[in-house]
Every structure is written in C-alpha cells, then in structure tokens.
Amino acid sequence: MAGTVLLIHGLARSSRSLGPMGLALRAAGYRVAPVAYPSTKATPEALVAHFAARVAALVLEGPIHAVAHSMGALILRDWLAQAAPAGFGRAVLLGPPNHGSELVDRLGEDKHLGPAFRLVNGPAGMALGTGAGSWPNRLPPPMHEMGVIAGTGSVSPWFSALLPGPDDGKVTVESTRMEGMADHLVLPVSHTWMMMDPRVIRQVRHFLREGRFAHA
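Right, here's the structure in full:
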C-alpha cells in the first residue's frame, strides 16, 4: 500500500470538489481520506482545531500524505506546524494563498461590496489578506516535502484585474510560492477547477511518488 492521502478542500467548497482526485489516487494504490471542515463558519484557529479532531478520529495506514486546495493548504500547514503526526510524508498544495490574496484586501474593505464579501467568505476567509500579520503570513516554512501547483488560467477576468501579475482568478502565482517548498509548477488552470484538471491530477500523483513534479 502506497499510504493514505488526506484530501482537504478549499474555501466555500466541500470534499466532493476533490472527488476526481480521490478516484485517481485510489487507482494509484493510495487509501484516500477526505477531511471536511466548515470553511466559512469559523476562525482559522477553530477550523484547524476542527480539522485536527477529524484527522485524529481516522484510522490511517502507511505513510500519511495530503493534497490540499486553496485555503485547505493553510489548514494543513497550520496543523502540521502545531502537531505533525509521525510518518507524515509529502503534500501537494493547489493554488495556495501562501502570502494571502489581494482580493481580500480590496473587496473585504470595499464600502459597497465588503459586507456581502465578508458574509460569503466568513472569518477565516477574511484572514487571507496580504498583510504581514495575516494568517498565511504568520505560518512558518514547512518542515515536510511540499510541492505547489499554481494556475494562470483565470475564468474571472474582473477578479484578475484586481490582482498583480499572473494569477488563477483568485491567487497570484507569486503568492503561491513559499520558503521551503520542494518544487513549484505553473499550469494554465483556474483556481476554481484546478483540482479536477487531469494535468493537475497527473502531477499530484507524480509528486507524491517522486517528491518532484514532471516539468518536462
């Protein structure tokens, strides 16, 4: 057995969004453990505690890996920084706002759009700004092998107009980078759908197996 892969969805999504990923990983010989959390209902601290309790209740076999999309990547990083389990292996982060998103900075404080934006994204979503004290910018560099996949195939031109540089419609390529990452790959995929893209799924399987992406 290749081990168990935790699947961690993003903001305002559910475990179903990683369904195709899970099928592909099972076909590759992994056990798959989706871990859901109420992404729009609580603070980052509460979400990490909720995630930790859900994982603690699982029966995990073999090395433990993870695939995390968007805010799920921050949940994973925060959890590992506090209490990494013995035998944790590799992780792939998909479109992670490792330095926050300018959309939170701009739309969260907009006098017209701000109230609706804050309501939709919740307390943890509003902690994803780019300021030095924001949740993503407080996290330490990872102590485990982590590969990062960034996207440039935005399907949100209005959001992209608010973001500096190449982006996936929600997060810039630059924000996905982080100190200590094992590898970084940019693909023409969107933030919203990247976790279902066959190219992304192939690269996730490659990284979990080899510890690097297939750049060629």
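For the sequence shown, the numbering used here gives the first residue as 17, with consecutive numbering after it.
Where a beta carbon is used, it is the ideal one built from N, C-alpha and C, also for glycine.
Original post:
Is Asp213 buried or exposed, if buried means 16 or more other CB atoms sit within 10 Å of its CB?
Top reply: By the 10 Å Cβ count, Asp213 comes out buried.
**OP:** State the CB to CB distance for the pair Val216 and Val205, rounded to an integer number of angstroms; the pair is presumed to be in contact (CB under 8 angstroms).
**Re:** So it is a contact: roughly 6 angstroms between Cβ atoms.
Subject >> Closest residue to Val108 among Ser86, Ala100 and Ala69 (Cα-Cα distance) >> reply: Ser86
**OP:** Figure out for me which residue from Arg218, Arg221, His207 and Asp199 has the closest Cα to the Cα of Arg228.
**Re:** Asp199
Original post:
Helix or strand or just coil, what does DSSP make of Ala84?
Top reply: strand
**OP:** Express the C-alpha separation of Pro79 and Arg106 in angstroms, rounding to a whole number.
**Re:** 9 angstroms
Original post:
Is it the case that the Cβ atoms of Ile91 and Leu74 are separated by a distance below 8 angstroms?
Top reply: no
Original post:
Should the stretch 145–154 be regarded as contacting the stretch 118–131, the criterion being three or more beta carbon pairs within less than 8 angstroms?
Top reply: yes
Original post:
Within this structure, are the beta carbons of Val21 and Leu41 separated by less than 8 angstroms?
Top reply: yes
**OP:** Can you tell me which of Thr59, Leu155 and Thr208 puts its alpha carbon nearest to the alpha carbon of Gly169?
**Re:** Thr208
**OP:** Identify every run of the alpha helix (DSSP H) within the stretch 80–163, keeping only runs that are complete inside it and at least 4 residues long; order them along the chain.
**Re:** With a minimum length of 4 residues, the continuous alpha helix (DSSP H) runs that stay inside the stretch 80–163 are 87–99, 118–124, 130–141 and 151–154.
**OP:** Select from Gly163, Leu76, His231 and Asn137 the residue whose C-alpha is nearest the C-alpha of Ala277.
**Re:** Lying before the first or after the last residue shown, residue 277 is absent from the chain, which here runs from 17 to 232.
Subject >> Beta-carbon spacing of Gly116, Pro139 below 8 angstroms >> reply: no
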